[in-house]
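Enquirer:
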Amino acid sequence: MFRRVLIANRGEIALRVARACRELGVETVAVYSTEDADSAVVRYADQAVRIGPGPARRSYSNIPAIIEAARLSGADAIHPGYGFLSEDPDFAEVCEAEGFVFIGPPASVLARLGDKSDARAQMAAAGLPMLPGTPEPVESVEEAEAAAANIGFPLIIKAVAGGGGRGMRIVETPEDLADAFAQTRADALALFGDGRVYLERYLRSARHVEIQILADQYGNAVSLGARDCSVQRRRQKLVEETPPPGVPASVVEEMGKDAVRGALAVDYVGAGTFEFLVDDENRYYFMEINCRIQVEHPVTEMVTGVDLVAEQLRIAAGEPLSLRQEDIVPRGAAIECRVNAEDPARGFIPTPGRLERFHTPAGPFVRVDTHAEPGYRIPPTYDPLLAKVIVWGPDRDTAIRRMARALGEFQIEGPGVRNTVDFLSRVLRDERFRTGVHRTNLVDTLFAESEAD
Amino acid sequence: MFRRVLIANRGEIALRVARACRELGVETVAVYSTEDADSAVVRYADQAVRIGPGPARRSYSNIPAIIEAARLSGADAIHPGYGFLSEDPDFAEVCEAEGFVFIGPPASVLARLGDKSDARAQMAAAGLPMLPGTPEPVESVEEAEAAAANIGFPLIIKAVAGGGGRGMRIVETPEDLADAFAQTRADALALFGDGRVYLERYLRSARHVEIQILADQYGNAVSLGARDCSVQRRRQKLVEETPPPGVPASVVEEMGKDAVRGALAVDYVGAGTFEFLVDDENRYYFMEINCRIQVEHPVTEMVTGVDLVAEQLRIAAGEPLSLRQEDIVPRGAAIECRVNAEDPARGFIPTPGRLERFHTPAGPFVRVDTHAEPGYRIPPTYDPLLAKVIVWGPDRDTAIRRMARALGEFQIEGPGVRNTVDFLSRVLRDERFRTGVHRTNLVDTLFAESEAD
Amino acid sequence: MTAVIEPMDPGRVDQTLEAVHRHATRLLTQAPGLPRRVRVRAGDVSVELEWPVVESGQATTATTVAAPVAAPVASGPLATEETVSEQVSQIRAPMVGVFYRAPEPGAKPFVSEGDLVEPGQQVGIVEAMKLMVPIEADQHGRIVEILVANGESVEYDQPLFTVAPLEVE
Amino acid sequence: MTAVIEPMDPGRVDQTLEAVHRHATRLLTQAPGLPRRVRVRAGDVSVELEWPVVESGQATTATTVAAPVAAPVASGPLATEETVSEQVSQIRAPMVGVFYRAPEPGAKPFVSEGDLVEPGQQVGIVEAMKLMVPIEADQHGRIVEILVANGESVEYDQPLFTVAPLEVE
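Chains as they are written, first to last, in the working numbering: chain D, 4 to 456; chain V, 4 to 456; chain P, 201 to 369; chain A, 201 to 369.
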């Protein structure tokens with residue numbers, strides 16, 4: 004195991020990593036920007052190095068600064084947390100070159116998987132199910148009809164040069180295909196000066212489901228169940244849970260096997276997440292791989308009992324996985340709610356400020372990961388995540404009731420500071436969420452319904 | 004389920020019960036003494052009734068006051084917590100007579116099990132193993148020798164009228180019996196004016212191990228594993244854990260079966276604990292039954308996933324047990340440390356006072372049950388329990404390291420306020436505790452070693 | 201104020217006090233608002249009351265609270281010069297339970313507003329589980345206000361009566 | 201203080217300044233402790249320095265801190281009357297890394313204590329991963345103290361130099 008780990012991150016995940024280190028007897032080095040000088044992890048860690056001013060570009064994403072801090076503090080490994088440099092192949096490479104162990108996949112793996120289309124190609128080659136579509140532009144109606152026969156309906160015709168919802172057309176039935184194809188090409192030419200289009204399966208409503216995996220340096224990999232992250236707002240996850248409601252265990256198992264196969268195919272090492280879209284028939288399609296620990300990792304920890312950050316450290320230190328697939332027996336259900344310093348009433352704008360009151364939920368089967376405390380000043384510079392409330396229950400209903408209880412205990416007050424607790428409580432009360440039939444459009448729907456009131 | 008439950012208790016357990024109620028959709032009524040007017044549960048509960056002045060005799064142990072508070076608040080059931088009236092058969096009877104459900108065993112069961120010798124007789128009849136001994140005084144050397152042949156050595160000769168360590172003599176071998184018998188009788192006569200003595204197996208070193216059970220109103224009962232509570236000071240438990248270190252799973256299973264058999268034999272209903280002493284050969288002996296939820300119940304919750312307080316409520320509401328014995332699969336290890344407002348350096352005297360700083364541990368697999376918070380005034384009137392830190396780990400070593408980490412995060416400061424965190428950390432570091440070979444004499448030994456330093 | 205106690209014929213004292221009492225009561229009911237001081241003297245008998253200038257507002261939880269706005273009725277016991285102290289106090293529930301003003305249903309209340317009470321005098325009952333706990337005055341005073349209706353539930357230490365203490369000098 | 205700038209022969213000014221400088225330095229090194237004010241005048245050239253009465257103690261994290269006890273050396277640039285402001289400031293590390301006083305090993309340091317610096321003048325280097333980040337003065341001033349030894353690691357924003365700013369009037 005390492006002697007001293009530098010944590011190249013801030014906020015709750017920095018504290019989370021420091022706790023894992025401490026339990027493993029590893030010394031910790033915090034790095035911090037001038038904005039975070041009085042942060043919890045700075046006090047918690049055995050050492051702390053100021054690496055730059057507030058802007059992440061000059062501090063938490065500043066490779067030379069972090070490498071120098073590692074050297075200055077005598078660290079032998081670097082944990083990048085999530086965000087910032089966590090999936091940067093250059094950073095991983097520099098760490099390796101400068102003699103620090105990067106706690107994550109090798110630089111080469113990060114580079115290969117960082118290119119989304121490359122990652123899809125590799126996963127397709129590894130046999131993972133992909134959303135049906137035409138990888139190359141379609142040139143004629145005949146070609147489109149041939150492709151559509153494979154893709155099925157509904158499908159979507161997209162301009163190669165399109166984006167932002169323009170230059171695309173959903174096709175419900177084969178009868179509509181020829182007209183839609185011609186019109187979309189015409190639109191595309193008019194809009195972008197490029198008439199090329201391609202076809203893809205259209206998922207009217209989908210769930211975002213992801214598989215957590217762990218892989219060691221010796222070709223062993225295991226999956227640790229699935230998380231549903233369908234409660235999103237503009238691709239920002241608000242609520243995550245495991246197991247995913249409505250997805251049969253057999254499907255989760257298949258996804259897990261696919262993720263492990265995919266991980267082994269690219270020599271993945273460390274903790275990783277395979278993201279899938281799941282359609283209403285519980286068919287799933289590979290989307291991308293997140294090569295880091297994720298914000299929502301605690302729900303997996305709650306049901307499996309596996310300390311994922313400790314496993315990251317062990318894997319990076321060269322230990323073989325001590326977990327076999329049959330050791331991983333998820334129990335019950337876990338939910339995470341992200342409490343952000345944002346104002347849902349004003350389009351979720353961040354509301355930095357000083358916390359005068361900060362009383363976190365507690366009690367049985369409740370975990371709160373946070374770096375905040377009374378007196379903490381939320382800086383305007385970083386993401387507004389204030390706390391993660393995670394609960395466990397023997398079943399989803401119990402977990403939902405427990406989460407409602409826990410959110411009810413959360414007291415956050417400060418001049419100008421707003422938070423998402425009430426909004427999260429509203430999600431929990433929503434009948435679609437309670438019954439688990441919600442899809443990625445739930446948050447938008449809730450807002451549309453609010454406005455209609 | 005009940006509509007409204009009155010919680011006839013205070014401190015962390017009152018909050019614990021209120022949380023369980025809230026998760027079940029049950030309204031809560033807190034009762035409080037003038038000393039506890041600003042307590043957390045008073046703010047947490049849906050209603051709060053002031054029932055008397057500080058002294059428990061006139062408030063938390065005042066049956067008419069609590070019954071009137073229940074009537075005044077419209078409660079339909081009363082949860083007694085632990086201590087105070089929790090095992091008082093009169094209280095249970097009055098509750099029943101006044102139309103409130105007592106959340107605990109029926110008054111008749113409490114009465115029968117409240118008499119310790121009666122309880123032992125019943126459990127002996129139910130076939131539970133008892134510490135060998137002579138129930139009646141022994142009148143002659145011949146009688147003593149006959150009894151000793153059954154009891155085995157070492158045994159202890161105790162004056163019937165003795166107590167506090169006086170009037171007793173340990174006998175190691177049969178050769179010493181006759182002399183010891185004569186001398187103890189003489190001592191007893193001289194000391195107490197009563198020469199009667201009896202014989203009992205002497206356990207030089209024992210573990211305190213207890214079995215948690217749940218029994219419903221329909222003759223169903225399950226055991227939920229064992230807790231070791233050997234880290235005690237003057238019969239006050241300081242650290243509890245599950246599973247008990249050094250006790251084979253097969254022995255725990257046998258104890259569990261015995262406890263279930265004992266519970267069914269006396270028509271037990273609710274949550275209960277069967278206390279045993281376990282000797283170095285892992286033979287176990289019934290001691291007594293605690294007819295209430297216990298302080299250390301969270302360790303059982305952590306490994307089984309069962310919310311014991313919620314189960315108490317369901318059982319009292321007349322629901323049949325939803326858990327079968329095969330559903331209860333303890334996972335990993337859990338430890339609880341009791342953090343008291345006491346000064347270990349001054350014989351653990353209570354140190355009431357106002358908390359200026361109170362920062363509780365958090366993070367993965369850590370639970371803190373507490374009613375305290377910054378600004379809380381610890382009253383001098385009640386027991387000094389300030390918080391329970393409970394951790395879970397896949398194995399005992401991980402749990403110990405996690406507990407050490409968690410205790411290290413605990414910050415408690417206030418004028419004149421001391422706490423047991425450092426002492427608990429010392430217990431955790433002790434080699435005997437770490438290897439699990441400690442017995443009930445560990446705390447005394449630690450103090451003796453401190454003085455020898 | 202020092203009190204001068206003169207020997208008097210008890211009957212005459214009683215008559216005089218009655219007159220003084222009536223006069224003082226009339227004065228109080230006719231006065232626009234609560235006066236700061238009322239002094240009624242008749243020969244050897246004099247009654248003087250003085251109220252503090254208080255802010256209106258909630259009674260605090262302290263046993264002795266600032267005088268409420270309700271006007272007390274002036275009177276005086278036998279053959280003494282008295283003052284009402286600048287504070288009023290409260291008689292509080294000795295127990296959680298049901299408050300009763302009378303020993304039994306339909307009976308005359310133990311006390312009514314305006315009555316004088318002395319230490320140990322029963323002023324009500326709190327019943328908790330058929331246990332009848334007497335409520336007693338703990339000092340000389342006058343019942344200014346009865347704060348809880350007959351038959352209502354009360355918490356421990358809940359104020360039941362406001363009492364204007366009389367300092368017997 | 202208002203400064204009067206007179207046209208002078210540059211060579212003469214230089215000579216005069218040298219003399220003034222030496223004299224001031226001697227005065228400072230011979231004086232028992234740091235004086236509150238030093239004024240040296242030679243013809244048209246005068247140098248006046250004044251130090252605040254400061255409490256000893258830690259430098260704060262603010263960019264401008266109270267003057268340390270180390271005595272600055274008096275001198276003056278060309279043809280001006282100058283005053284040292286009542287505050288000294290610090291030049292801080294622009295980056296975490298290793299601090300070097302010279303452009304390469306064995307070379308002459310960019311600056312030494314007592315040197316005058318002007319805005320943009322390089323006074324050192326912080327090296328982070330072979331990246332040589334120049335450290336520059338941001339105002340006219342005199343290096344009062346060099347706070348970090350050559351080759352030592354520094355944090356971002358760590359004070360490296362204490363500078364007595366010169367107000368060019």
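Yeah, the Cβ is synthetic: ideal placement off N, Cα and C, and Gly gets one too.
Name the residue from Arg301/P, Gln287/P and Gln290/P whose alpha carbon lies nearest to the alpha carbon of Val333/P.
Expert: That would be Arg301/P, whose Cα lies nearest to the Cα of Val333/P.
Enquirer: Would DSSP call Ile16/D helix, strand or coil?
Expert: Ile16/D: helix per DSSP, three-state reduction.
Enquirer: With a cut-off of 8 Å, do at least 3 Cβ pairs link the segment 66-81 of chain D to the segment 5-16 of chain D?
Expert: The segment 66-81 of chain D vs the segment 5-16 of chain D: in contact.
Enquirer: Check each residue of the segment 285-296 of chain A: if its Cβ is closer than 7 Å to any Cβ of chain D, include it; give the result in chain order.
Expert: Cβ contacts with chain D: Met295 and Val296.
Enquirer: Should Leu347/A be flagged as near chain D, meaning a C-beta pair shorter than 9 Å?
Expert: Chain D, which has no Cβ nearer than 9 Å to the Cβ of Leu347/A, makes this no.
Enquirer: Where do the N-terminal and C-terminal ends of the alpha helix (DSSP H) with Tyr221/V fall, by residue?
Expert: Unbroken run through Tyr221/V: none, as it is neither H nor E.
Enquirer: So, is Glu42/D buried or exposed, given that buried needs 16 or more other C-beta atoms within 10 angstroms?
Expert: Checking the sequence shown, residue 42/D turns out to be Ser, not Glu. Classification of Ser42/D: buried, given that the 10 Å Cβ count is 16 or more.
Enquirer: Let me check understanding here. Comparing Cα to Cα, which of Arg199/V, Thr176/V, Val298/V and Tyr287/V lies closest to Ala185/V?
Expert: Considering only alpha carbons, the answer is Arg199/V.
Enquirer: Over the uninterrupted alpha helix (DSSP H) stretch that includes Met305/D, give me the two end residues.
Expert: Run containing Met305/D: His300 to Thr307, per the alpha helix (DSSP H) assignment.
Enquirer: Less than 9 Å between CB atoms is the rule here; does Ala328/A satisfy it with respect to chain D?
Expert: It does: the Cβ of Ala328/A has a partner Cβ on chain D nearer than 9 Å.
Enquirer: Would you decide whether Gly419/V is buried or exposed? Buried here means 16 or more other CB atoms lie within 10 Å of its CB.
Expert: By the 10 Å Cβ count, Gly419/V comes out exposed.
Enquirer: Any residues in the segment 168-198 of chain V with a beta carbon nearer than 7 Å to a beta carbon of chain D? Which ones, in chain order?
Expert: So nothing in the stretch comes that close.
Enquirer: When DSSP labels each residue in this structure, what does Met290/V get in the three-state scheme?
Expert: If DSSP states are grouped into helix, strand and coil, Met290/V belongs with the strands.
Enquirer: Can you find the residues in the same chain that come closer than 6 Å, C-beta to C-beta, to Val104/D, ignoring five residues on each side of it along the sequence?
Expert: Counting only Cβ-Cβ distances below 6 Å, and skipping sequence neighbours, we find Ala80 and Ala319.
Enquirer: Considering only residues of the same chain and omitting the five flanking positions on each side of Asp338/A, which have a CB-CB separation below 6 Å?
Expert: The answer, listed in chain order, is Pro319.
Enquirer: Just curious, the alpha helix (DSSP H) that Gly77/V is in, first and last residue?
Expert: Taken as a continuous stretch (DSSP letters only), Gly77/V belongs to no alpha helix (DSSP H), as it is neither H nor E.
Enquirer: Beta carbons nearer than 8 Å to chain A: which residues of the segment 381-401 of chain D have them?
Expert: Per Cβ criterion, the list is empty.
Enquirer: Quick one: grab the DSSP three-state call for Met329/P.
Expert: Met329/P: coil per DSSP, three-state reduction.
Enquirer: Out of Asn350/P, Val298/P, Glu345/P and Glu355/P, state which residue places its alpha-carbon closest to the alpha-carbon of Leu331/P.
Expert: Nearest option by C-alpha distance: Val298/P.
Enquirer: Reducing DSSP to helix, strand and coil, say where Val272/D ends up.
Expert: Reduced to three states, the DSSP call for Val272/D is coil.
Enquirer: Does the Cβ-Cβ distance between Val440/D and Val430/D come in under 9 Å?
Expert: Result no, Cβ atoms of Val440/D and Val430/D do not sit closer than 9 Å.
Enquirer: Can you tell me whether Tyr385/V is helix, strand or coil according to DSSP?
Expert: Tyr385/V: coil per DSSP, three-state reduction.
Enquirer: Unbroken alpha helix (DSSP H) runs of length 4 or more, entirely within the segment 99-140 of chain V: which are they?
Expert: 110-117 and 119-128, all fully within the segment 99-140 of chain V.
Enquirer: With distances taken Cα to Cα, identify the nearest neighbour of Pro353/D among Val34/D, Asn223/D, Leu389/D and Val272/D.
Expert: Checking every option, the nearest Cα to that of Pro353/D belongs to Leu389/D.
Enquirer: Suppose you measure from the CA of Glu145/D to the CA of Leu180/D; what does that come to, to the nearest Å?
Expert: Distance between the alpha carbons of Glu145/D and Leu180/D: 10 Å.
Enquirer: Closer than 8 Å, Cβ to Cβ, to anything on chain D: give me those residues from the segment 348-377 of chain V, in chain order.
Expert: Of all residues in the segment 348-377 of chain V, His362, Thr363, Ala365, Gly366, Pro367, Phe368, Val369, Arg370, Val371, Asp372, Thr373, Glu376 and Pro377 have a Cβ within less than 8 Å of some Cβ in chain D.
Enquirer: Within 9 Å of any Cβ in chain V, is that where the Cβ of Leu360/P sits?
Expert: No, its Cβ sits nowhere closer than 9 Å to a Cβ of chain V.
Enquirer: DSSP state of Glu244/V, grouped into three classes?
Expert: The answer is strand: DSSP assigns Glu244/V an E or B state.
Enquirer: Return helix, strand or coil for Arg237/A, following the three-state DSSP convention.
Expert: Unreliable positioning characterises Arg237/A in this predicted model, as indicated by a pLDDT of 49, which lies under 50. The coordinate reading is nonetheless provided below. Strand at Arg237/A.
Enquirer: Distance, Cα to Cα, Leu202/D vs Met305/D?
Expert: Rounded to the nearest angstrom, the two C-alpha atoms are 41 Å apart.
Enquirer: Could you tell me which of Ala59/D, Arg357/D, Pro132/D and Leu217/D sits nearest to Pro377/D, measuring between CA atoms?
Expert: Measuring from the Cα of Pro377/D, the nearest candidate turns out to be Arg357/D.
Enquirer: Kindly say whether Glu71/D, judged by its beta-carbon, lies nearer than 9 Å to any beta-carbon of chain A.
Expert: True, the Cβ-Cβ gap to chain A drops below 9 Å.
Enquirer: Quick one: measure Cβ to Cβ for Glu107/V and Pro83/V, integer angstroms, because I've assumed they're closer than 8 Å.
Expert: For clarity, residue 107/V is Gly in the given sequence; the question names Glu instead. Correct: roughly 6 Å between the Cβ atoms.
Enquirer: Hey, quick one: how far does the beta strand (DSSP E) through Gln186/V stretch, first residue to last?
Expert: No beta strand (DSSP E) contains Gln186/V, which is instead part of the alpha helix (DSSP H) from Leu180 to Phe195.
Enquirer: Any idea if Asn153/V is buried or exposed, counting beta-carbon neighbours within 10 angstroms, 16 or more meaning buried?
Expert: Answer is exposed; the Cβ neighbour count stays below 16.
Enquirer: Going by C-alpha to C-alpha distance, which of Ser289/P, Glu304/P and Glu313/P sits closest to Val325/P?
Expert: According to the sequence as given, residue 325/P is Ile; it is not Val. With distances taken between Cα atoms, Ile325/P lies closest to Glu304/P.
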